[in-house]
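Enquirer:
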Amino acid sequence: SAVISQKPSRDICQRGTSLTIQCQVDSQVTMMFWYRQQPGQSLTLIATANQGSEATYESGFVIDKFPISRPNLTFSTLTVSNMSPEDSSIYLCSVAQLEAFFGQGTRLTVV
Amino acid sequence: TQLLEQSPQFLSIQEGENLTVYCNSSSVFSSLQWYRQEPGEGPVLLVTVVTGGEVKKLKRLTFQFGDARKDSSLHITAAQPGDTGLYLCAGQTSNTGKLIFGQGTTLQVKP
Chain A
32 SAVISQKPSR DICQRGTSLT IQCQVDSQVT MMFWYRQQPG QSLTLIATAN
82 QGSEATYESG FVIDKFPISR PNLTFSTLTV SNMSPEDSSI YLCSVAQLEA
132 FFGQGTRLTV V
Chain B
72 TQLLEQSPQF LSIQEGENLT VYCNSSSVFS SLQWYRQEPG EGPVLLVTVV
122 TGGEVKKLKR LTFQFGDARK DSSLHITAAQ PGDTGLYLCA GQTSNTGKLI
172 FGQGTTLQVK P
């Protein structure tokens with residue numbers, strides 16, 4: 032198993048600003064994943080964060096909007112850039128091999 | 072595009088009743104996981120099934136993986152109010168750790 036610390040746990044942001052979410056894992060992992068989840072709904076994969084290379088983005092998500100950093104094997108950040116109310120959601124980081132483990136999520140509200 | 076169809080999306084039952092949640096796909100998965108998520112928390116892994124036809128039991132929860140590894144079910148016997156939450160199935164098609172999530176089932180068990 033893995034223990035994942037994610038922060039902030041929640042934030043309220045003004046439209047047009049950017050928020051960086053941090054994810055710290057208690058062990059070294061090759062890949063980390065960033066998901067978005069509307070309250071009460073399922074998870075949608077944003078991108079896979081690889082250490083030492085650029086993140087791999089899923090269809091509908093682009094680097095300019097969701098830049099990701101992966102400076103080492105235990106840490107990653109996701110930035111939500113130029114936010115609009117449509118970006119209000121829960122953002123989750125995850126590590127996985129056979130099974131996935133998740134941080135507690137960041138609840139973002141854009142006003 | 073790989074899809075995992077989960078049903079039902081909402082379920083409200085009385086304490087003591089039984090229920091089954093289904094996940095179906097046209098894709099073959101190397102493994103399938105079931106998660107439970109409570110508000111303000113990340114998904115927590117309940118079980119992983121790997122072998123076609125596999126059945127796993129976790130107290131009052133029974134998980135099945137289809138013979139062709141394209142579908143799975145979660146059966147809860149004598150549901151309790153503590154079972155209330157969002158249940159998610161997620162399939163993995165490779166060892167990359169990338170998961171495809173079903174739409175989720177919101178379960179409410181009334182005392």
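So the sequence lines, in the order shown, correspond to chains A and B. Positions in the first sequence are counted from 1; adding 31 to them yields our numbering. Positions in the second sequence are counted from 1; adding 71 to them yields our numbering. We treat Cβ as the ideally placed atom computed from N, Cα and C, and that holds for glycine. All values derive from a computational prediction rather than experimental measurement.
(1) Enumerated in chain order, which unbroken segments of the beta strand (DSSP E) with a length of 3 residues or greater are wholly contained in the region 104-180 of chain B?
(2) Buried or exposed, going by whether 16 or more other CB atoms sit within 10 Å of the CB of T79 of chain A?
(3) Go ahead and pull the three-state DSSP assignment for P70 of chain A.
(4) For P102 of chain A, does the three-state DSSP call read helix, strand or coil?
(5) Under 9 Å Cβ-Cβ, which residues of chain A neighbour Q174 of chain B?
(6) List the residues of chain A that S98 of chain B touches, going by C-beta distances under 9 Å, in chain order.
(7) Report the neighbours of E112 of chain B on chain A: residues whose CB is nearer than 9 Å to its CB, in chain order.
(8) Could you tell me how far apart the beta carbons of L76 of chain A and E89 of chain A are, in whole angstroms, since I believe they sit closer than 8 Å?
(9) Could you check what DSSP says for E117 of chain A in three-state terms: helix, strand or coil?
(10) Count Cβ pairs between the region 127-137 of chain B and the region 51-61 of chain A that sit closer than 8 Å; are there 3 or more?
(11) So, using beta-carbon positions, are L159 of chain B and Y93 of chain B closer together than 8 Å?
(12) Which residue from A:N113, A:G91, A:S36, A:M63 puts its Cα closest to that of A46 of chain A?
(13) Rounded to the nearest angstrom, what separates K141 of chain B and P79 of chain B at their Cα positions?
(14) Helix, strand or coil: which one does DSSP assign to F132 of chain A?
(15) Pick helix, strand or coil for E88 of chain B, following the three-state DSSP scheme.
(16) For S100 of chain A, which residues from the same chain have a beta carbon less than 6 Å from its beta carbon, with the 5 sequence-adjacent residues on both sides left out?
(17) Is DSSP giving A86 of chain A helix, strand or coil here?
(18) Does any residue of chain A have a CB that is nearer than 8 Å to the CB of G162 of chain B?
(19) How would you call D118 of chain A, buried or exposed, if buried means at least 16 neighbouring beta carbons within 10 angstroms?
Expert: Walking through what the data contain:
(1) 115-120, 126-129, 132-136, 142-147, 156-163
(2) buried
(3) coil
(4) strand
(5) Q72, S73
(6) Per Cβ cutoff of 9 Å: no residues; S98 of chain B is ~15 Å from chain A at best.
(7) F133, Q135, G136
(8) 5 Å
(9) helix
(10) no
(11) no
(12) The sequence shown places Arg at residue 46 of chain A, rather than the Ala named in the question. With distances taken between Cα atoms, R46 of chain A lies closest to A:N113.
(13) 17 Å
(14) strand
(15) coil
(16) T108
(17) coil
(18) no
(19) buried
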